[in-house]
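*Asks:* My questions all concern the structure below.
Residue numbers (our numbering): 348 to 862.
In structure tokens:
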């Protein structure tokens, strides 16, 4: 957990960046990432040196054993003055990132074009001092540090992308029940929130409690998994499990660092426009993934000429929110599962493309759940109403679970302050109960527990959905109980008003007598 003091130091540094002229939060995160990477390289070199002294075996150095080469190491340049430090980082340390070869990691690739944008020497010195104090040797705190930095992102990108709240991500991960054997993807990964939180979920649910988080680092800094389930899958988790695609280079760099700090050094974070026809040549484009978790951008339209024709064959549209659902269906293996955030328009849109996509989800796949989210859940980025679709590729739909999530533990204004009301635990519990009954094909019990459409959780038969042109909006099926109001007769109301007027007049007369 992030201590209050450490959180305060990070916030203080953030203010210094702001006053120093760097106001873009993504740029701040990127600049801190470069410094963290420089320090982690030095930490790894130090670990390798200690191992070599102990074993007598040589190792491939990342820093030449020359005076100039050693000055590239964090421990040797961190105490430079701001005037010396700025050109040293720009002209020597950051260009050296392109020469780094980290075994089992693509991190150096993302850092190869690093550039320093901190022009204020005092801010740069403060940033180096704070990064030097960060407990980067602590496996669990590293991820918390980066999560806190990412929480500072409060503006949506030009393509409609924004940071998904972590408690919403956690709910989605739990609902699709990610396993250590799965191969998972986010086709529009942004800062890799879904992937990094999945790693945290696995550590909490599939690791021994003998060590905090179920894992620790050995003397060489390698991850060692303890106990019951993660140990046999450590190589799979580190190299093959996580896939993220994006076409924003800055986002990819942040994603790679986020995964590294969450213990996954070789996540497959790749530059790729997932909807582009260039993706067809990649094996990940068709029947590759067990689980897909996504909150894809849903703003604007695309040039039809550049869109994957295989996706257009499923739904002919230019709208990204529809195209991404079609793409996800292609990327999933048969039996693969997804939880995806969509704007409400996907649920009830009347265009041919909207209806075509919903029909595809229901008739040729298993649409399992529609979780309606509060309209302010993505503030301050956007106030658009959204829902989570949970579906499995293949088969057909018999019934759909609906949940009307009214509160997520935070206020629904731009401030998003913490409040007591939180339906998320209830939603997850109801969903898990429904899944248990569904697996037992206990239709009687399902109707007994989820047949009442006046409740937040209820089930709708697929025939009812088809009869409503495949409309999936929760208000189409949720029944509202109207309570009859009883009013007094007009004569009674008038008598009460007259009595009230008399009382007021009496008080005024008493007040006048006192003057």
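C-beta atoms are modelled at their ideal positions from N, C-alpha and C, and glycine is treated no differently.
1. What does a CB cutoff of less than 8 Å around residue 475 pick up in its chain, not counting 5 residues either side in sequence?
2. Is residue 366 helix, strand or coil by DSSP?
3. To the nearest angstrom, how far is the alpha carbon of residue 755 from that of residue 765?
4. Tell me which residues share the same chain as residue 700 and place their Cβ nearer than 8 Å to its Cβ, disregarding the 5 neighbours each side in the sequence.
5. Comparing C-alpha positions only, which one of 355, 358, 632 and 444 sits nearest to residue 386?
6. What span of residues does the alpha helix (DSSP H) with residue 853 cover, start to end?
7. Residue 733: buried (16+ other C-beta within 10 angstroms of its C-beta) or exposed?
8. Locate the alpha helix (DSSP H) running through residue 707, then write down its first and last residues.
9. Among 459, 438 and 437, which has the Cα closest to the Cα of residue 447?
10. Please state whether DSSP places residue 756 in a helix, a strand or coil.
11. On the criterion of 16 or more Cβ atoms from any shown chain inside 10 Å, does residue 324 qualify as buried, or is it exposed?
12. For residue 770, collect the residues of the same chain with a Cβ closer than 6 Å to its Cβ; drop the 5 residues on either side in sequence, then sort them by chain order.
13. By DSSP, does residue 767 sit in helix, in strand, or in coil?
14. Can the beta-carbon of residue 589 be found less than 8 Å from the beta-carbon of residue 550?
15. Counting C-beta neighbours from all protein chains within 10 Å, is the total for residue 689 16 or more, i.e. buried, or is it exposed?
16. Using CA atoms only, rank isn't needed, just tell me which of 531, 595 and 657 is closest to residue 373.
17. Output the boundary residues of the alpha helix (DSSP H) element that contains residue 317.
18. Measure the Cβ-Cβ separation of residue 439 and residue 529 and say whether it is below 8 Å.
19. Can the beta-carbon of residue 685 be found closer than 8 Å to that of residue 738?
20. In angstroms, rounded to a whole number, what distance separates the CA positions of residue 778 and residue 816?
21. Can you tell me the Cα-Cα spacing of residue 627 and residue 653, whole angstroms?
22. Would you call residue 772 buried or exposed, if buried means 16 or more other Cβ atoms sit within 10 Å of its Cβ?
23. Spatial neighbours of residue 597 within its chain, please: CB distance less than 7 Å, with the 5 preceding and 5 following residues excluded, ordered by chain position.
24. Exposed or buried, which one is residue 518 when buried takes at least 16 other CB atoms within 10 Å?
25. Of the choices 456, 442, 848 and 801, whose alpha-carbon is the least far from that of residue 829?
26. Taking three-plus beta-carbon pairs below 8 Å as touching, is the region 519-538 in contact with the region 599-606?
27. What are the boundary residues of the alpha helix (DSSP H) that includes residue 810?
28. For residue 656 and residue 703, what's the separation of their Cα atoms in angstroms?
29. Note down, in chain order, each residue of its chain lying with its Cβ closer than 8 Å to the Cβ of residue 399, except the 5 sequence neighbours on either side.
30. Who are residue 666's beta bridge partners in DSSP?
31. What do you get for residue 619, buried or exposed, if any count of 16 or more other CB atoms within 10 angstroms of its CB means buried?
32. Mapping DSSP to helix, strand and coil, what is residue 799?
33. Can you tell me which residues form a DSSP beta bridge with residue 590?
34. Taking DSSP as the reference, what is the three-state secondary structure of residue 789?
35. On a Cα-Cα basis, can you pick out the residue from 402, 413, 394 and 389 that is closest to residue 420?
36. Below 8 Å on the Cβ atoms is my guess for residue 641 versus residue 534; work out the distance and round it to an integer in Å.
*Replies:* Taking the geometry as given:
1. Residue 475 sits at position 128 when you count from the first residue of the chain shown. Here the set comprises 382, 425 and 432.
2. Mapped onto the chain shown, residue 366 falls at position 19. In this structure, residue 366 counts as helix in the three-state DSSP scheme.
3. Position 408 of the chain shown, counted from the first residue, corresponds to residue 755. Position 418 of the chain shown, counted from the first residue, corresponds to residue 765. For residue 755 and residue 765, the distance between alpha carbons rounds to 9 Å.
4. Walking along the chain shown from the start, residue 700 turns up at place 353. 662, 663, 664, 666 and 669, listed in sequence order.
5. The count along the chain shown starts at 1 and reaches residue 386 at position 39. Minimum Cα distance to residue 386 is reached at 444.
6. The sequence position of residue 853 within the chain shown is 506, counting from 1. 837-860 is the extent of the alpha helix (DSSP H) around residue 853.
7. Position 386 of the chain shown, counted from the start, is the residue given in the question as residue 733. The residue in question, residue 733, is buried, as its Cβ has 16 or more Cβ neighbours within 10 Å.
8. One-based indexing of the chain shown puts residue 707 at position 360. Looking at the DSSP string, the run of the alpha helix (DSSP H) that includes residue 707 is 699-710.
9. Numbered from its first residue, the chain shown carries residue 447 at position 100. That would be 459, whose Cα lies nearest to the Cα of residue 447.
10. Here residue 756 is taken as the residue at index 409 of the chain shown, counted from 1. DSSP places residue 756 in strand when its eight states are reduced to three.
11. Absent from the model: residue 324. The displayed extent of the chain is 348 to 862, so no value can be given.
12. Position 423 of the chain shown holds residue 770. Contacts found: 752, 753 and 754.
13. To locate residue 767, count along the chain shown from 1; it is residue 420. If DSSP states are grouped into helix, strand and coil, residue 767 belongs with the strands.
14. Residue mapping note: residue 589 aligns to position 242 of the chain shown, counting from 1. Residue mapping note: residue 550 aligns to position 203 of the chain shown, counting from 1. Taking 8 Å as the cut-off, the Cβ atoms of residue 589 and residue 550 do not count as close.
15. In the chain shown, the residue the question calls residue 689 occupies position 342. It is buried - the Cβ of residue 689 has at least 16 other Cβ atoms within 10 Å.
16. To locate residue 373, count along the chain shown from 1; it is residue 26. When only C-alpha atoms are compared, the closest one is 595.
17. The requested residue 317 is not part of the displayed model; the chain covers only 348 to 862.
18. By 1-based counting over the chain shown, the position of residue 439 is 92. By 1-based counting over the chain shown, the position of residue 529 is 182. Cβ distance not < 8 Å, so residue 439 and residue 529 don't count as in contact.
19. Position 338 of the chain shown holds residue 685. Position 391 of the chain shown holds residue 738. The answer is yes: Cβ separation under 8 Å.
20. Numbered from 1 along the chain shown, position 431 holds the residue referred to as residue 778. Numbered from 1 along the chain shown, position 469 holds the residue referred to as residue 816. Spanning the two alpha carbons is a distance of roughly 25 Å.
21. As a first step, residue 627 is located in the chain shown; it is residue number 280 there, counting from the start. As a first step, residue 653 is located in the chain shown; it is residue number 306 there, counting from the start. Those two C-alpha atoms are separated by around 12 Å.
22. As a position in the chain shown, residue 772 is number 425, starting the count at 1. That one is exposed.
23. Taking the chain shown and counting its residues from 1, the one referred to as residue 597 is at position 250. So the list reads 373 and 377, once near-sequence residues are dropped.
24. Taking the chain shown and counting its residues from 1, one reaches residue 518 at position 171. Buried.
25. Translated into the one-based positions of the chain shown, residue 829 becomes position 482. Comparing Cα-Cα distances from residue 829 to each of 456, 442, 848 and 801, the minimum goes to 801.
26. yes
27. Against the chain shown, residue 810 aligns to sequence position 463. From DSSP, the alpha helix (DSSP H) with residue 810 extends over 809-814.
28. Working through the chain shown from its first residue, we reach residue 656 at position 309. Working through the chain shown from its first residue, we reach residue 703 at position 356. Taking the straight line joining both Cα atoms gives about 16 Å.
29. As a working mapping, residue 399 is identified with position 52 in the chain shown. 405 and 406, listed in sequence order.
30. In the chain shown, the residue the question calls residue 666 occupies position 319. According to DSSP, which records beta bridges pairwise, residue 666 is partnered with 648.
31. The count along the chain shown starts at 1 and reaches residue 619 at position 272. Label assigned to residue 619: buried.
32. Taking the chain shown and counting its residues from 1, one reaches residue 799 at position 452. If DSSP states are grouped into helix, strand and coil, residue 799 belongs with coil.
33. The residue given as residue 590 occupies position 243 in the chain shown. According to DSSP, which records beta bridges pairwise, residue 590 is partnered with 532 and 615.
34. The count along the chain shown starts at 1 and reaches residue 789 at position 442. Of the three classes helix, strand and coil, the one that applies to residue 789 here is coil, per DSSP.
35. What you label residue 420 is simply residue 73 of the chain shown in a count that begins at 1. Looking at the Cα atoms, 389 is the closest of the given residues.
36. Along the chain shown, one-based indexing puts residue 641 at 294. Along the chain shown, one-based indexing puts residue 534 at 187. That belief holds up - the Cβ atoms of residue 641 and residue 534 are roughly 6 Å apart, short of 8 Å.
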